[in-house]
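Below you'll find the structure, written out as structure tokens, and then a few comments.
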Amino acid sequence: MSSLLESCKLMDQSSSALSTVAIASAALSCEAARANLSAFDLTDSGDGSVSKEDIGVSSDIKVLLNSSKLAVSSNKGDDKVNTDSFSKIPVVYGNVREAVKSLHSVIRVVSNSGEKLGGKVLHLCFELRNLGEDSLERVRSNLGSVGVEGLKGIFEKECLSEESLRNGVKLAVEAGLEKDYVKLVKDVELVLRIVWKIVAWEAVSAFFVLEGVEFLNEKTGGKGGEFDGGNVKAEKKKKKKVLLGKGTSVIVEMIKDRLMSKGEGLEKIVEEFLSFLDPKSADFDGLLKKVKEILESNESRRIPKTPKGTRDFAKEQMTIRKKAFSIITKVFERHCATALDTPAFELKETLTGKYGEDSKLIYDLADQGGELCSLRYDLTVPFSRYVAMNGLTSFKRYHIDKVWRRDNPSKGRYREFYQCDFDIAGQYEKMGPDFEVVRILSEVLNALNIGDYEIKLNHRKLLDGVLEICGVPPAKFRTICSSIDKLDKQSFEQVKKEMVEEKGLSVETADKIGTFVKIRGPPLELLSKIMGGTEGSELLKHNASKEALGDLSILFDALYKSRCIDKVVFDLSLARGLDYYTGVIFEAAFKGGVQVGSIGAGGRYDNLIGNFGTKQVPAVGMSLGIERVLTIMEEKAQNQAVRATETQVLVAILGDKLAVAAELVSELWDVDIKAEYKVHKKVMKHIEYAIDSKIPWMVIVGERELNEGIVKLKNIETTTEEAIPRSNLVGELQQRLKLDP
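Using numbering that gives the first Met the number 0, you'd call the opening residue of the sequence shown number 0 and step up by one each time.
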């Protein structure tokens, strides 16, 4: 066991070094291929959907390529070089880092079994193979564009191929199946050595693409010609030096210093190069240390991260968000609601006991002077507190703002997010407010044009009747509702196991619940079937469920007449986990390709407001899952041009006269024209900016225009240009902007 552990430690060290050197080789290849760097624009979205290691790899590549004139930024360059071999780097290399860390964590625990060590080693083997294949693809690409004859032939003698990697992995898998962990480690060491050679050759091939001709000319004193199996043309004119990245340029200079004084002839130079990248060589530690220094020296200057579960929104995202909030507000105000704002935090006692099992997700704040406070969990409880505190008996309001939950971030689930709520409090005609809030949810989702969706609907009293019929003790109603509420994410068997093993129900009771919660279908048809079937006869014997069925009958008729019942599904499995619901409950789900979960929900809560005051004020409301809706909208907008600003006119001053720009643009601002200005000597800089920003009109003013008392008005779409008197500028623009669609 001790020898196995020692072998694993050596593998851990070698793999860790490889993961660093491989980043440097990949960065050199990016410059050799003039690759598009968009694949490395990874940021932590806050929902755990992007691996921390993937982000780390992307950041390291960008550190090495900082200021490079060869690797192009994400909004420029030729898409032809943005191949899979580059776009896969963050994930492939990130996976190797994760596998190395996983192996390292197991090695630290000496008591771990050979089986556990073997499992981690085999996992590393698979990830190394992926890295090797990815790197090998770039080696071949580099060799295809290298300007030094003979280099490809030297590489081919190495016999490095995908097949050699696959054979090594196959041997390792067989050893693992036989539980021969000593052999397994030896087989993975073989794969590791092959990958080291491939990564070294990636550095060699990329170096010769970038510096080969110049380096060999310098080494031969500018004579060029043939030399021991290689051929390079002497350059008569000195080429303009292309700037490498700040990190890669240091690495390239280290390589050149090493090779300049050693070896004559191409094969000797390559041999010396490969030796430099051999972990067993005396000089390797110096190279590894330098690469790490480059990466780590930049640590303090890297962009700070946002806390987990939170996000920043770029200008393109904000454009979509502003549009969505505007649409939602328009719908809410169409239904004559007034806006309300409440504090971001409440007294802890206000929020405690309102959210069932989810109360553990409330963010508590540190005591800052005698009051225990918590960040608001939703907008409904603060609304109820406001109504009770002000003695209101009726209130129709909307509220769009942030809430906070101490949840585990995952795709579509954040710790800070917006909610868009609409609530109606007070005594009204039976089921009138319930109908209106369901209708509003449907209107909003239609107006946002996200695609197909459904609104699942149930009644809390009907659910309570089901639980009573099935034999669930009343004290367990709420906790069993929390279990049933998971049926949209888990199978009934999983939920049944929770109800029986964790919450103490009998198997018979759980099975009986299953017969009810599997009932779903079109509202009017299903309600009629229930009322006339055996389920209905049982439910009608209970006052609460009988009342619920009557409520649903009124509601479904109203929704039918309102022409929105086609989006509603009567679903007896819908439970909604919050404790404060007392009547109708509903939840909207997106049915398109993007998997986002619930996109809106709500229900009736007749007792919540009374908890804060002396009066019981019935209420019903809905909350739109706006973050998930925005995810859908952003996905749809990926292939569409999104304008980050509404700029109508760019005032382009040719020269450096800020005062001229200030005078002109202020005249436009004064008449409510959306305008911005730029001061630059080159007219093409102004035009490129207008095109990139999708600004429809330009006002161009240079020395000639100033002397003649005119301005040039340019239509960016048609490229037509017209000189007009300076005094007519505002009127001309107002007229033309009116004609624009």
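Quick reminder that beta carbons are idealized off the backbone N, C-alpha and C, glycines included. In this text, all values refer to a predicted model and were calculated from it rather than measured experimentally.
Using DSSP with H/G/I as helix, E/B as strand and the rest coil, what is residue i?
i, result
"Y397", "strand"
"Q367", "coil"
"D78", "Low confidence applies to D78: its pLDDT is 44, below 50, so where it sits in the model is not reliable enough to give any reading."
"S160", "coil"
"V616", "coil"
"A722", "strand"
"K693", "coil"
"S299", "At S299 the pLDDT is 42, less than 50, meaning the model places this residue with poor confidence; the figure from the coordinates comes in the next sentence. It is helical."
"T318", "helix"
"T328", "helix"
"K511", "helix"
"K178", "coil"
"E263", "coil"
"D570", "strand"
"F312", "coil"
"S409", "strand"
"L504", "coil"
"K115", "helix"
"T349", "helix"
"S622", "strand"
"L456", "strand"
"E271", "helix"
For the beta strand (DSSP E) containing residue i, name the first residue and the last one.
i, result
"G601", "597-603"
"K677", "674-679"
"K711", "709-714"
"V650", "648-653"
"E210", "Per DSSP, E210 belongs to no beta strand (DSSP E) and is neither H nor E."
"I361", "That residue, I361, is in no beta strand (DSSP E); it is neither H nor E in DSSP."
Quick one: measure Cβ to Cβ for residue i and residue j, integer angstroms, because I've assumed they're closer than 8 Å.
i, j, result
"M10", "A323", "That belief does not hold up - the Cβ atoms of M10 and A323 are roughly 51 Å apart, past 8 Å."
"P278", "A16", "6 Å"
"H685", "K693", "With 8 Å as the limit, H685 and K693 do not qualify as a contact, their Cβ atoms being about 14 Å apart."
List the endpoints of the continuous alpha helix (DSSP H) containing residue i.
i, result
"D782", "Only positions 0 to 740 of the chain appear in the structure, and residue 782 is not among them; the question remains open."
"A34", "Careful: A34 lies outside any alpha helix (DSSP H) and carries neither H nor E."
"D422", "D422 -> not in any alpha helix (DSSP H); beta strand (DSSP E) instead, spanning 415-424."
"Y741", "Outside the modelled stretch of the chain, which goes from 0 to 740, sits residue 741, for which no answer is possible."
"E252", "245-259"
"Y92", "88-106"
"E467", "459-469"
"A660", "657-669"
"F555", "542-560"
Taking C-alpha atoms, which residue in the options lies nearest to residue i?
i, options, result
"S66", "R320, Q594, P89, L36", "L36"
"V56", "D277, V20, D400", "V20"
"P315", "V659, E634, N727", "As written in the sequence, residue 315 is Glu, which differs from the Pro given in the question. Of the listed residues, the one whose Cα sits closest to E315 is E634."
"E266", "S14, V147, L462", "V147"
"V803", "K156, K502, L191", "Absent from the structure is residue 803, since the part of the chain shown begins at 0 and ends at 740."
"R139", "A205, K119, V91", "A205"
"L744", "R414, S6, Y427", "There is no way to answer for residue 744, as the model of the chain reaches only from 0 to 740."
"A32", "E52, E524, S144", "S144"
"S296", "R257, T309, K245, E271", "K245"
"S58", "A70, L41, L69, K511", "L41"
"R642", "N166, P695, G592", "P695"
"E348", "K151, E370, V249", "E370"
"V729", "I709, T718, A343, K540", "I709"
"E500", "R519, K488, I479, I518", "I479"
"A446", "D433, K329, S50", "K329"
"I723", "V249, L705, L350, I319", "L705"
"L364", "G149, I327, W403, F331", "W403"
"V184", "L123, L209, A202", "L123"
"L209", "E155, Q647, I250", "I250"
"D578", "R459, G113, V698", "R459"
"E546", "E467, V700, L461", "L461"
"L102", "V120, E332, L135", "V120"
"G450", "G609, N610, L629", "L629"
Worksheet entry | Segment contact flag, the region 619-627 with the region 655-666, C-beta cutoff 8 Å, min 3 pairs | no
Worksheet item: Is the region 554-570 touching the region 470-477 in the sense that three or more CB pairs, one from each, lie closer than 8 Å?
Response: no
Discussion item. Check whether the region 566-586 and the region 455-462 touch, using three or more Cβ-Cβ pairs below 8 Å as the test.
Written reply: yes
Practice prompt. Spell out a yes or no on whether the region 82-98 and the region 122-129 are touching, meaning 3 or more CB-CB pairs, one atom from each, closer than 8 Å.
Written response: yes
Worksheet item: Should the region 595-603 be regarded as contacting the region 278-290, the criterion being three or more beta carbon pairs within less than 8 Å?
Response: no
Worksheet item: Using 8 Å as the threshold, is the region 483-498 in touch with the region 358-374, meaning 3 or more CB pairs across them?
Response: no
Practice prompt. Could you tell me whether the region 377-384 touches the region 412-420, using the rule of 3 or more Cβ pairs below 8 Å?
Written response: Segment contact: the region 377-384 against the region 412-420, three or more CB-CB distances shorter than 8 Å; contact assigned.
Practice prompt. Pair every Cβ in the region 394-414 with every Cβ in the region 305-313, then say whether three or more of these pairs are closer than 8 Å.
Written response: yes
Discussion item. Tell me whether the region 500-511 and the region 582-597 touch, counting them as touching only if at least three CB pairs, one residue from each stretch, are closer than 8 Å.
Written reply: no
Worksheet item: Would you call the region 392-401 and the region 515-528 in contact, with 3 or more CB pairs under 8 Å?
Response: no
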